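Single-structure report; data block below.
There are 2 protein chains.
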Amino acid sequence: MKVSALEEYGLRCMLRLGRVSEGESLTIHEIAEQEGLSVANVRKLMMILREGGLVQSVRGRLGGYALSEPATAITLGRIMESLAGRMYDPEFCGKHSGDVTICVNSGACSVRSLWGVLDGLVGGVLHRIRLSDLIGDEGKVSFSLRKHLEATIDQLLGQPAPRPHSLPVING
Amino acid sequence: MKVSALEEYGLRCMLRLGRVSEGESLTIHEIAEQEGLSVANVRKLMMILREGGLVQSVRGRLGGYALSEPATAITLGRIMESLAGRMYDPEFCGKHSGDVTICVNSGACSVRSLWGVLDGLVGGVLHRIRLSDLIGDEGKVSFSLRKHLEATIDQLLGQPAPRPHSLPVING
DNA sequence: CAGAATGTATACGAAAAAGTATAGTATTTG
DNA sequence: CAAATACTATACTTTTTCGTATACATTCTG
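Protein chains in written order, with my numbering: chain A, 25 to 196; chain B, 25 to 196.
In structure tokens, the structure reads:
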């Protein structure tokens with residue numbers, strides 16, 4: 025449950041593309057330079073994003089990459105799923121239950137349920153954030169998001185946190 | 025942002041320990057057999073959990089492992105942090121910004137903010153779930169959790185989801 | 001005290017992920 | 001058409017994670 029390099033960098037590339045005017049595009053070299061990444065690495069990232077239908081490429085002399093849709097129409101959920109798939113692979117239980125063919129927790133697989141809930145939670149949030157939300161006024165999104173979360177989390181289970189987990193300070 | 029094997033198995037071991045009566049303990053072999061894992065693997069998991077102060081070990085002929093506190097006092101947040109650390113390592117930005125010394129998104133690092141928000145969100149939920157919550161009536165927790173989440177997520181950003189992300193079906 | 005069963009610690013090998021390199025294909029400019 | 005520039009695709013190397021094996025220390029039974 026860690027953020028992978030693919031997710032981090034892939035999302036950053038999408039942000040770069042979202043910042044240019046509609047109709048314009050960026051080359052791999054431009055993105056690589058702006059983000060301080062290697063050209064080869066950006067190349068790979070763009071290929072993945074392209075397969076996910078998130079970016080379009082134009083070849084040739086004046087080619088480059090551009091978002092396949094306006095930044096207001098692309099959700100972070102789509103981006104993250106393209107880059108890393110779902111948080112909890114439903115096949116996991118089958119693959120990782122060891123020697124036992126059926127899940128050893130079968131019928132009572134509370135662990136599985138937990139991952140499902142968390143996956144739904146994160147996915148639900150990500151699908152409600154648009155790429156454009158992360159572009160405009162920086163920090164504005166995260167701030168409003170955080171305020172909402174602080175309020176709602178406290179009511180989540182109707183009980184106080186046994187060990188309050190302070191929400192992170194955003195942008196210093 | 026995927027669930028790792030360590031998290032999956034570690035949590036399962038904790039659940040096994042939480043199911044035995046207080047004062048009792050389980051040996052590594054017992055846990056391994058019950059979960060269909062290798063003895064060596066469980067050994068490693070228990071070592072990690074022990075370093076996190078989550079379990080206590082008794083050596084010798086009648087030794088074994090037991091929770092260091094009652095299952096009602098241990099939150100999933102603590103367990104997950106022991107097993108995998110935080111979702112988003114604050115040092116990530118520094119380590120992975122490539123050739124550029126300062127974060128290339130400095131001052132406007134919206135990506136960083138996003139991870140922070142998600143980390144706080146997941147952490148906030150995990151710290152509100154106790155180990156005992158996952159033991160009693162199976163599926164009960166996940167169900168009530170899900171109901172809460174469905175209601176609250178819809179109000180999170182005060183806007184409808186561009187692409188509704190259906191919450192997963194729990195336990196079939 | 002001796003032996004057996006348990007946990008502890010370190011090191012090793014396999015698998016996956018991350019990043020790099022290279023050869024190939026397409027398109028525009030002159 | 002030819003060269004330059006850009007994307008495409010594949011294979012390779014490095015790094016990290018995962019799982020296993022082995023040797024060692026501790027403690028209870030008899």
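Note that CB positions come from ideal geometry on N, CA and C, so glycine has one too. The model shown is predicted, which means the values in this text are computed figures rather than measured ones.
About 6 Å separates the CB atoms of S106 (chain A) and L78 (chain A); that is less than 8 Å, so the two are in contact. Around the Cβ of G140 (chain B), a 10 Å sphere holds 16 or more other Cβ atoms; the residue is buried. Taking 8 Å as the upper bound on Cβ-Cβ separation, chain B lies near no residue of the region 72 to 94 of chain A. Between the region 36 to 56 of chain B and the region 85 to 93 of chain B there are three or more C-beta pairs closer than 8 Å, enough to call the two in contact.
Across the set A:V44, A:T96, A:E31, A:L100, the C-alpha of A:E31 shows the shortest separation from the C-alpha of K68 (chain A). The straight-line gap separating the alpha-carbon atoms of R102 (chain B) and R152 (chain B) is approximately 10 Å.
DSSP, reduced to helix, strand and coil, places A90 (chain A) within a strand of the structure shown.
Rounded to whole angstroms, the separation of the alpha carbons of M38 (chain A) and A56 (chain A) is 12 Å. Residues of chain A whose Cβ lies closer than 7 Å to the Cβ of A108 (chain B) are, in chain order, M25, K26. V27 (chain A) and L35 (chain B) do not touch by the CB rule: their CB atoms are close to 20 Å apart, not below 8 Å. When DSSP states are grouped into helix, strand and coil, S28 (chain B) belongs to the coil group. L138, W139, G140, V141, L142, D143, G144, L145, V146, G147, G148, V149, L150, H151, R152, I153: these are the residues of the region 138 to 153 of chain B whose beta carbon lies less than 8 Å from some beta carbon of chain A, given in chain order.
Annotation: Cβ neighbours of M111 (chain A) in chain B (cutoff 7 Å, chain order): M25, K26, V27. In the DSSP annotation of this structure, V79 (chain B) is not part of any alpha helix (DSSP H); the continuous beta strand (DSSP E) holding it starts and ends at 79 to 82.
The residue from B:V149, B:I52, B:D157 with its alpha-carbon nearest to that of G84 (chain B) is B:I52. Selection B:L100, B:I98, B:Y33 evaluated against M70 (chain B) yields B:Y33 as nearest (Cα-Cα). Around the beta carbon of V146 (chain B), 16 or more other beta carbons sit within 10 angstroms, so the residue counts as buried. The C-beta of E46 (chain B) comes no closer than 9 Å to any C-beta of chain A.
Close partners of E54 (chain A) in chain B (Cβ separation under 9 Å) are lacking, with about 13 Å as the shortest Cβ gap.
Counting of Cβ neighbours within 10 angstroms places R43 (chain A) among the exposed residues, the total staying below 16.
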